[in-house]
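2 protein chains.
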Amino acid sequence: MTQSFQVVPIGHVRKINDRVLIHVEHPFADALLGLGDFSHIWVLYWFHENDIPEKRATLRVHPMKNPKNPLTGVFATHSPARPNLIALTRCRIRSIEDTVIELDDIDALDGSPVLDIKCYIPDSGEDRDVRVPEWIHQGREK
Amino acid sequence: MTQSFQVVPIGHVRKINDRVLIHVEHPFADALLGLGDFSHIWVLYWFHENDIPEKRATLRVHPMKNPKNPLTGVFATHSPARPNLIALTRCRIRSIEDTVIELDDIDALDGSPVLDIKCYIPDSGEDRDVRVPEWIHQGREK
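Read top to bottom, the protein sequences are chains A and B.
So for the first sequence, the numbering used here puts the first residue at 35; every next one is plus one.
So for the second sequence, the numbering used here puts the first residue at 35; every next one is plus one.
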């Protein structure tokens, strides 16, 4: 039997009119202390709409759903179809009130379960020799 | 009942002598196609040594285990004690052979279950107005 681990939502993404919010569940309120000292956060959320065996068995995709991009292993992409449906995205905090974090924006659907929030600490100039493949610059199919 | 999601290890961290490796499980081999075109990856792993109710109930810590750092909510830190024990770390790829990724280094223990690998794409100069609290520069207690 394959070992597995349980994760639980610590909140949910809410998109209400033009506002982008994370509603943190009340039992986790204490974990927000000091978050307002950061301008940006990492948000880890669950690609809940892909939580079916076929999507979790997807190992190769055309990045950004563009057939012109080469077939690529999901670990070399940020595809929402992958074995563990964890999304990683950086967001700017607009405000925090009680257990509601307002963001500038997030690339998540309304209702997405949030698994974790981590403070964002910029890299100290290590980005100078980063290498990425050509398709990163191609974008989605027009 | 609280909803929960299952995650499974897609590989494990191995530290053998001076080498730092991720052994990806064979069923996930196809997901590695194209990863060698990147110099860096995000590695999401499980803080398996903290997988006990007390650690998952920890909501506030002194960052970097330094009592001089202010008591801070775990969502405003990268603490290994947190509701969902997901670690996030950026690593440089040294080589990839079959299902073994050799890294320069990783801040994980030998045996840590790896949940996901994502390509690292540097930010496009958005880091200019990032704000972090003072304790980020304090480090661990001497």
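Backbone N, C-alpha and C define an ideal beta-carbon position, used for all residues, glycine too.
When secondary structure is reduced to three states using DSSP, B:Leu93 falls in the coil class, being assigned neither helix nor strand. Among the CB atoms of chain A, one or more fall inside 8 Å of the CB of B:Asn118. Going by beta carbons, A:Ile151 and A:Ile50 fall outside the 8 Å limit.
The beta carbons of A:Lys102 and A:Gln172 sit about 7 Å from each other, so the pair counts as a contact at 8 Å.
If you draw a straight line from the Cα of A:Gly70 to the Cα of B:Glu131, it comes to about 43 Å. Here A:Asp132 carries a coil assignment [DSSP, helix/strand/coil].
Those residues of the stretch 137-152 of chain B placed with their C-beta closer than 9 Å to a C-beta in chain A are Pro147, Leu149, Asp150, Ile151 and Lys152, ordered along the chain. Not a single CB atom of chain B sits nearer than 8 Å to the CB of A:Ser129. A:Val42 and B:Val77 have their C-alpha atoms spaced approximately 20 Å apart. Rounded to whole angstroms, the gap between the alpha carbons of A:Ile155 and A:Ser146 is 24 Å. Not flagged as an interface residue toward chain B: A:Ala115, since no C-beta distance is shorter than 8 Å. For B:Leu78, the enclosing beta strand (DSSP E) has its first and last residue at His74 to Trp80. Look at B:Ala121 here: in three-state DSSP terms it is strand. Check the Cα spacing between B:Ala110 and each of A:Ile170, A:Leu66 and A:Gly45: the tightest is with A:Leu66. Not a single CB atom of chain A sits nearer than 8 Å to the CB of B:Phe81. By the rule that beta-carbons nearer than 8 Å mark a contact, A:Thr133 does not touch chain B. For A:Pro43, the chain B residues whose C-beta falls within less than 7 Å of its own C-beta are Gln37, listed in chain order.
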